[in-house]
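Asker: Under this note's numbering, the first residue of the sequence shown carries the number -12, and numbering increases by one thereafter.
Mind having a look at this structure? Questions to follow.
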Amino acid sequence: TPERPAFTITKQASANPIVGAPLTYKLTVTNTGNGVGTNVVITDAVPVGAHYLSGGGYANGVVSWTVTYLAANGGSAQVSFVVTTCQTTLTNTLYRVVTSTQRVSSTWGAPLTTHLNAPTINADFDYTPASPVVNEPVDFDDATTTNGGPIVGRGWDFGDGGTGSGATVSHVYTATGVYTVTLVVTDTCGYTATVERTVGVGQAQPVGGFTLPQPGGLRPAYLLVALMALTALAVAFVRKGNARG
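Shown next as structure tokens:
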């Protein structure tokens, strides 16, 4: 009996896969025959609903590899590829050895169904300054973490009727108070999470005995205080000059 290779193939998915996160498939081909196998070609169709990321050679929805040598009587090799999906279940049935130098193939591998868990999204944000005042820009930065797909949407509600979007935003409060700021984040698969934090906004502190004027021009009260101060300085100067004279 001539020596011939014989191939079997198995497949497994990475443990505890998460919707939207990279998922790795590993295929193991074993030569159970009494002859070596060379240039062993393996193919695997990407499961419906999955998006190919890396591993092997990819064309038209199929990933392929060529194993140059498999020893007889138990020689094995492992190949892998990475996908992502927004589905909670993936099923794959189309993987096998399609050919080799010896023109030996394998049967289709056993169907593999993979169940994926929903991501854990911990919505959070930071803001500066820690104690903002009226008419001072407040910078908000998304600090969300997730084990799933990337965060692609961010909706801000600043608690005073103002809204915004983006990973980093700036907002100005025009009145003192305690405001509830809400951030809603969304990942690539549509999963969302929400966080709320309160921001206290105070009045600008007096500088040099005077309260700083608000943007948009001096108010009459500020003009009156300034005029009184200048008048007092002028009177004091005149009195000092008269005393010297």
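Idealized CB from N, CA, C, for every residue including glycine.
As the structure is a prediction and not an experimental result, all values here were calculated from the model.
If you reduce the DSSP assignment to three classes, tell me which class Gln65 lands in.
Answerer: Gln65 falls in the strand class under three-state DSSP.
Asker: With H, G and I counted as helix, E and B as strand and the rest as coil, what does DSSP make of Val23?
Answerer: Coil at Val23, not helix or strand.
Asker: Within this structure, are the beta carbons of Asn18 and Thr88 separated by less than 7 Å?
Answerer: No, they are not a contact pair.
Asker: Determine the closest residue to Ala37 out of Ile29, Val49 and Gly43, with distance taken between C-alpha atoms.
Answerer: If we check each option's Cα against that of Ala37, Val49 comes out closest.
Asker: Taking C-beta to C-beta, are Ser67 and Gly42 nearer than 7 Å?
Answerer: Going by C-beta atoms, Ser67 is nearer than 7 Å to Gly42.
Asker: Would Ala117 be called buried (16 or more neighbouring beta carbons within 10 Å of its own) or exposed?
Answerer: It is exposed - the Cβ of Ala117 has fewer than 16 other Cβ atoms within 10 Å.
Asker: In the DSSP assignment, find the beta strand (DSSP E) that holds Gln192 and state where it starts and stops.
Answerer: No beta strand (DSSP E) contains Gln192, which DSSP labels as neither H nor E.
Asker: Opposite Arg184 in the DSSP bridges: which residues?
Answerer: Paired residues: Val168.
Asker: Return the residue from the list Ala97, Thr167 and Thr72 that minimises the CA-CA distance to Cys176.
Answerer: Ranking the options by Cα distance to Cys176, first place goes to Thr72.
Asker: Could you check if Asn79 is buried or exposed, using at least 16 other CB atoms within 10 Å of its CB as the buried criterion?
Answerer: So Asn79 ends up on the buried side.
Asker: Determine which residues share a DSSP beta bridge with Asn109 and list them.
Answerer: Bridge partners of Asn109: Thr132.
Asker: Using the three-state DSSP reduction, which class does Tyr178 fall into: helix, strand or coil?
Answerer: In the structure shown, Tyr178 sits in coil (DSSP, three-state: anything other than H, G, I, E or B).
Asker: Alpha carbon to alpha carbon, how far is Tyr178 from Tyr160? Give it in angstroms, no decimals.
Answerer: For Tyr160 and Tyr178, the distance between alpha carbons rounds to 31 Å.
Asker: Go ahead and label Pro9 buried or exposed: buried means 16 or more other beta carbons lie within 10 angstroms of its beta carbon, across all protein chains shown.
Answerer: So Pro9 ends up on the exposed side.
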